[in-house]
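K.L.:
Structure below; questions to follow.
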Amino acid sequence: MTQDTGAAAPGRRRQMEVYVAGAGGARPTVPVSAARLEARAANAMTPEAAAYVIGGAGLEASMAANRAAFGRHRFVPRVLRDVSARDLGVDLFGRRHRAPLLLAPIGVLELVHRQADLAVARAAAAEDIGLVFSNQASVAMEDCAAAMGTAPRWFQLYWSRDDAFVRSLLARAEKAGCEAIVVTLDTTLLGWRPRDLDLGYLPFLRGMGLAQYLSDPVFRSKIPARPPETGIRPRGAKLLATAYSLHRKGREFGLSMARMRAAAAYFTATYSRPDLNWTDIARLRAMTSLPIVLKGVRHADDARLAREHGVDGIVVSNHGGRQVDGETATLDALPGAVAAAGDMPVLFDSGIRTGADVAKALALGARAVFLGRPYVYGLALAGETGVREVIGNILAELDLTLALCGLDSIAALGPASLVANGPTGRTDPI
Ligand code: FNR
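Numbering (my numbering), first residue to last: 11 to 440.
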């Protein structure tokens, strides 16, 4: 419990930090408003980075649906209940988390900031918030773990075609102190992303987002002497820039230019497994002793199957609308998944932009949520400080929302905290 006396509670403390500093003319380092945060970050990024981070699949209807769903649920605050002591903590897989918030696995952060995942790891640790290391990170998990002290970290796995490499990643994650394995299931193939396609831009072909691979002894031992033949050739005037990017990456990981090119091509040929199925999940049990969390579940039947296969948790997620265009909002899928999951914890992401959004997802049954794009915007604008501010703002609003709804703990949030606003409600189109 934090007592709401003076500076102890995150909501009031953050407010006062901003207002008192503002009395001297200072402004927050990154915008507090979710819409302004995204707009400023978009301006600060290269066109390629902005397309990759902000964009989604197809017409981006899933992204819009994710946001719209939050507008269809409204709080019904209660009054005159002593809420001076509040507790944001939640238990997950044997550990008490300070708040029901972890930073989502997000790949290729070097697109937006030189320190990439390292800045995020430091920010998460400083705020004592969990971080899920991405399989497509720009910094190896060991380096991020070393910057995190005892703060919670999980590892997100993309199941590659090479089981020996998967085993190596799992062993490294265990050694790096990861407390869960998050298997992402919605990206066994890359979604159709017009913003990236129109720029002809995939960062992995430039050697970016491959740190977990290039630092892995098993992956390195399998880099072929020549890139696998695809029959497709690069065209255009920027070939030299791409070659330079590959050269720099190769140098960072002690690989010659030729090996680095072969590594990027080998990654492209092996990273995905469209044949992934429930028997693999059963096999994963024998491959790691860590809790297994399936990310990308939307259908209640899949939540039920996950429980039947003995996994430890699921994340209701549609990858921020980056994979299938025109699918259901994750907030709409959440209650069905929660009902089917029984005792199995259900986490949530896709569309969380504010602390009030976090409270709505928790009220609809999520045990915790992953924060995605907003922390990347903070990173793009102000590195570690920017990520810390974004986390601080979200937690502050969550704390104040709880208090102002007459609730004193996360556990007190439930379906009774909300009413459905109906399909004609305002749609919060951030
Ligand atoms: C992602 N996401 C993601 N997920 C994952 O499991 N592994 C990954 O490497 C990535 N990489 C990634 C890159 C970028 C640029 C984005 C925006 C997202 C998905 C991420 O974990 C999360 O599900 C979404 O970001 C949630 O949607 P919002 O809230 O960010 O819109």
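Cβ coordinates follow ideal geometry from the N, Cα and C atoms, glycine included.
So the beta strand (DSSP E) residue 232 belongs to, where does it begin and stop?
P.N.:
Position 222 of the sequence shown, counting from 1, holds the residue named residue 232. Unbroken run through residue 232: none, as it is neither H nor E.
K.L.:
Using the C-alpha atoms, what's the distance from residue 300 back to residue 251?
P.N.:
Here residue 251 refers to the residue found at position 241 when the sequence shown is read from its first residue. Here residue 300 refers to the residue found at position 290 when the sequence shown is read from its first residue. Cα to Cα, residue 251 sits roughly 41 Å from residue 300.
K.L.:
Could you check if residue 291 belongs to the surroundings of the ligand FNR, using beta carbon to heavy atom distance under 7 Å?
P.N.:
The residue you call residue 291 lines up with position 281 of the sequence shown. Every heavy atom of the ligand FNR is 7 Å or more from the Cβ of residue 291, so no.
K.L.:
Where does residue 441 land, buried or exposed, given buried means 16+ other C-beta within 10 angstroms?
P.N.:
Past the boundaries of the shown model lies residue 441; the chain is included only from 11 to 440, so the question cannot be answered.
K.L.:
Keeping to the same chain, check which residues put their C-beta closer than 8 Å to that of residue 376; ignore five residues upstream and five downstream.
P.N.:
In the sequence shown, the residue the question calls residue 376 occupies position 366. Contacts found: 110, 326, 344, 348, 356, 357 and 358.
K.L.:
DSSP puts residue 305 in a beta bridge; with which residues?
P.N.:
Along the sequence shown, read from residue 1 onward, the residue named residue 305 stands at position 295. For residue 305, which the question treats as bridged, DSSP gives the partners 194 and 325.
K.L.:
Indicate whether the contact test is met: 3 or more Cβ pairs, each with one atom in the segment 170-182 and one in the segment 293-310, closer than 8 Å.
P.N.:
Cβ pair count under 8 Å is three or more, so yes.
K.L.:
Report back the beta-carbon spacing between residue 331 and residue 73 to the nearest angstrom; my notes put them in contact at under 8 Å.
P.N.:
By 1-based counting over the sequence shown, the position of residue 331 is 321. By 1-based counting over the sequence shown, the position of residue 73 is 63. About 3 Å separates the two Cβ atoms, so the contact holds.
K.L.:
Is there contact here, the segment 138-156 with the segment 417-428, by at least three beta-carbon pairs under 8 Å?
P.N.:
These segments do not touch.
K.L.:
Is the segment 122-131 touching the segment 81-101 in the sense that three or more CB pairs, one from each, lie closer than 8 Å?
P.N.:
Short answer: they don't touch.
K.L.:
Work out the CA separation of residue 277 and residue 473 for me, nearest whole Å.
P.N.:
Past the boundaries of the shown model lies residue 473; the chain is included only from 11 to 440, so the question cannot be answered.
K.L.:
Taking the alpha carbon of residue 57 as the point to measure from, which residue in 208, 67 and 144 has its own alpha carbon closest?
P.N.:
By 1-based counting over the sequence shown, the position of residue 57 is 47. That would be 208, whose Cα lies nearest to the Cα of residue 57.
K.L.:
Under 7 Å: does the beta carbon of residue 9 sit that close to some heavy atom of the ligand FNR?
P.N.:
Outside the displayed range of the chain (11 to 440) lies residue 9, so it cannot be described from this structure.
K.L.:
Comparing C-alpha positions only, which one of 172, 159, 146 and 174 sits nearest to residue 166?
P.N.:
Residue mapping note: residue 166 aligns to position 156 of the sequence shown, counting from 1. The shortest C-alpha separation from residue 166 is found at 146.
K.L.:
Would you mind reading off the limits of the alpha helix (DSSP H) that contains residue 409?
P.N.:
The residue you call residue 409 lines up with position 399 of the sequence shown. Its alpha helix (DSSP H) spans residues 383-414.
K.L.:
Could you spell out the range, first to last residue, of the alpha helix (DSSP H) harbouring residue 269?
P.N.:
For the purposes of this step, residue 269 is taken as the residue at position 259 of the sequence shown. 267-280 is the span of the alpha helix (DSSP H), which, as asked, contains residue 269.
K.L.:
Given 8 Å as the limit, is there contact between the segment 45-65 and the segment 404-412, that is, 3 or more CB pairs closer than that?
P.N.:
No contact exists between the segment 45-65 and the segment 404-412.
K.L.:
Please name the residue, chosen from 380, 367 and 176, that lies closest to residue 409 on a Cα-to-Cα basis.
P.N.:
Taking the sequence shown and counting its residues from 1, the one referred to as residue 409 is at position 399. Of the candidates 380, 367 and 176, the one whose C-alpha sits nearest the C-alpha of residue 409 is 367.
K.L.:
Using DSSP with H/G/I as helix, E/B as strand and the rest coil, what is residue 349?
P.N.:
On the sequence shown, residue 349 is found 339 positions in, with the first residue counted as 1. Here residue 349 sits in helix by DSSP.
K.L.:
Should residue 76 and residue 339 be called a contact, given that it needs their Cβ atoms to be closer than 8 Å?
P.N.:
Residue mapping note: residue 76 aligns to position 66 of the sequence shown, counting from 1. Residue mapping note: residue 339 aligns to position 329 of the sequence shown, counting from 1. Yes. Within cutoff.
K.L.:
Compute the beta-carbon to beta-carbon distance between residue 198 and residue 282, rounded to the nearest angstrom, for a pair I have assumed lies under 8 Å.
P.N.:
Looking up residue 198 in the sequence shown gives position 188. Looking up residue 282 in the sequence shown gives position 272. Yes, residue 198 and residue 282 are in contact; Cβ-Cβ is about 6 Å, under 8 Å.
K.L.:
Between the segment 284-291 and the segment 261-271, do three or more beta carbon pairs fall short of 8 Å?
P.N.:
Output reads no: the segment 261-271 does not touch the segment 284-291.
K.L.:
Looking only at its chain, what residues have a beta carbon closer than 6 Å to the beta carbon of residue 133, apart from the 5 residues adjacent to it on each side?
P.N.:
Here the question's residue 133 lines up with position 123 in the sequence shown. Once the five neighbours on either side are set aside, the close Cβ partners of residue 133 are 394, 397 and 398.
K.L.:
How would you write the range of the beta strand (DSSP E) that residue 169 sits in, first residue to last?
P.N.:
Along the sequence shown, read from residue 1 onward, the residue named residue 169 stands at position 159. Looking at the DSSP string, residue 169 is not in any beta strand (DSSP E), and its letter there is neither H nor E.
K.L.:
Is there at least one non-hydrogen atom of the ligand FNR closer than 7 Å to the beta-carbon of residue 68?
P.N.:
Residue 68 sits at position 58 when you count from the first residue of the sequence shown. It does not: the Cβ of residue 68 is nowhere closer than 7 Å to a heavy atom of the ligand FNR.
K.L.:
Between which two residues does the beta strand (DSSP E) carrying residue 80 extend?
P.N.:
Taking the first residue of the sequence shown as 1, we reach residue 80 at position 70. Not the beta strand (DSSP E): residue 80 falls in the alpha helix (DSSP H), residues 71-81.
K.L.:
Using a 10 Å radius around the Cβ and a threshold of 16 neighbouring Cβ atoms, would you call residue 26 buried or exposed?
P.N.:
Position 16 of the sequence shown, counted from the start, is the residue given in the question as residue 26. Residue 26 is exposed by the Cβ-count criterion.
K.L.:
Could you spell out where the beta strand (DSSP E) holding residue 140 opens and where it closes?
P.N.:
Against the sequence shown, residue 140 aligns to sequence position 130. Residue 140 -> beta strand (DSSP E) spans 140-143.
K.L.:
Under 8 Å, do residue 350 and residue 314 count as touching if we go by C-beta distance?
P.N.:
Along the sequence shown, read from residue 1 onward, the residue named residue 350 stands at position 340. Along the sequence shown, read from residue 1 onward, the residue named residue 314 stands at position 304. In this structure, residue 314 lies closer than 8 Å to residue 350 by Cβ.
K.L.:
May I ask you to report which of helix, strand or coil DSSP gives residue 419?
P.N.:
As a first step, residue 419 must be located in the sequence shown, where it is residue number 409. The answer is strand: DSSP assigns residue 419 an E or B state.
K.L.:
With 16 as the cutoff for other CB atoms within 10 Å, does residue 29 come out buried or exposed?
P.N.:
Mapped onto the sequence shown, residue 29 falls at position 19. Exposed, since its Cβ has fewer than 16 Cβ neighbours within 10 Å.
K.L.:
In chain order, what residues of the same chain have a beta carbon less than 6 Å from the beta carbon of residue 69, not counting five sequence neighbours either side?
P.N.:
Counting from one through the sequence shown, the residue named residue 69 turns up at place 59. Contacts found: 335.
K.L.:
Does the ligand FNR have even one heavy atom less than 7 Å from the beta-carbon of residue 329?
P.N.:
Here residue 329 refers to the residue found at position 319 when the sequence shown is read from its first residue. Indeed, a heavy atom of the ligand FNR lies less than 7 Å from the Cβ.
K.L.:
Going by the C-beta, is residue 93 closer than 7 Å to any heavy atom of the ligand FNR?
P.N.:
Position 83 of the sequence shown holds residue 93. Residue 93 Cβ: outside cutoff for every heavy atom of the ligand FNR.
K.L.:
In its own chain, which residues sit with a C-beta less than 8 Å from the C-beta of residue 161, not counting the 5 before and 5 after it?
P.N.:
If you number the sequence shown from 1, residue 161 lands on position 151. Closer than 8 Å at the Cβ level, and outside the excluded window around residue 161, lie 134, 135, 138, 139, 140 and 141.
K.L.:
Below 8 Å on the Cβ atoms is my guess for residue 86 versus residue 428; work out the distance and round it to an integer in Å.
P.N.:
Here residue 86 corresponds to residue number 76 of the sequence shown, with the count starting at 1. Here residue 428 corresponds to residue number 418 of the sequence shown, with the count starting at 1. Indeed they touch by this definition, with Cβ atoms about 7 Å apart.
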